[in-house]
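Asker:
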Amino acid sequence: MMVVYATTEDLADFLVTIPVWPGAERHLRQASEDIDDLLIGAVYDVDTNQMPTDPRIREAVKRATCAQAHFIQTGGDETGAKSGFSSVSVGGVSYSRSSQVTIGSGRASQEFSPRTLRILHVEGLLPVRPRTRSGGSGAP
């Protein structure tokens, strides 16, 4: 079962003055997959629908999903095909990317919204840090 962490209503609340666009539900599904990718190894409790049970974490994941969906929509790169380019020019139009920033395992963050990464980092979900028990075996 694929988990979608935000609804179009959540997205409208997040965007405030920017209207929700056609295809937003698809972008929220894609963004939820991106969030799952970023949170591999993160430890938090979930309910039977695989949603975080801690309200703070649930809100952070929802906001990060909305930020990532907006990033997908504004970048016009649903497939990630543009992420390999550092500069493209067609006629009088030029497109460049800044140097790559790495996250966690060293992956390039061009496929993730800086705001998405910031939301998850501030809430302690990035970078993922292993939890150990004090005085115990080290198992989570």
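With the working numbering, the residue at position 90 of the sequence shown is 85, and numbering never jumps. Note that beta-carbon positions come from the ideal geometry of N, C-alpha and C, so glycine has one too. Remember, it's a predicted structure, so these values are computed and weren't measured experimentally.
(1) Three Cβ pairs or more, each shorter than 8 Å: is that satisfied between the stretch 40 to 54 and the stretch 13 to 25?
(2) In whole angstroms, what separates the C-alpha of Arg102 from that of Arg113?
(3) Helix or strand or just coil, what does DSSP make of Val(-1)?
(4) For Leu120 and Glu4, I'd like the C-alpha separation in whole angstroms.
(5) What are the residues that DSSP puts in a beta bridge with Val85?
(6) Report back the beta-carbon spacing between Leu6 and Cys61 to the nearest angstrom; my notes put them in contact at under 8 Å.
(7) Out of Ala1, Val117, Met(-3), Glu118, point me to the one whose CA is closest to Lys57's CA.
(8) Determine the contact status of Ile30 and Thr111, defining contact as a CB-CB distance below 9 Å.
(9) Does Val117 come out as helix, strand or coil in the three-state DSSP assignment?
(10) Do Ala64 and Gln105 have their CB atoms nearer than 9 Å?
(11) Mapping the DSSP letters down to three states, classify Val56 as helix, strand or coil.
Answerer: Concretely, from the data shown:
(1) no
(2) Here Arg102 scores only 47 on pLDDT, less than 50, and its place in the model is too uncertain to base an answer on.
(3) coil
(4) 24 Å
(5) Val88
(6) 5 Å
(7) Ala1
(8) yes
(9) helix
(10) no
(11) helix
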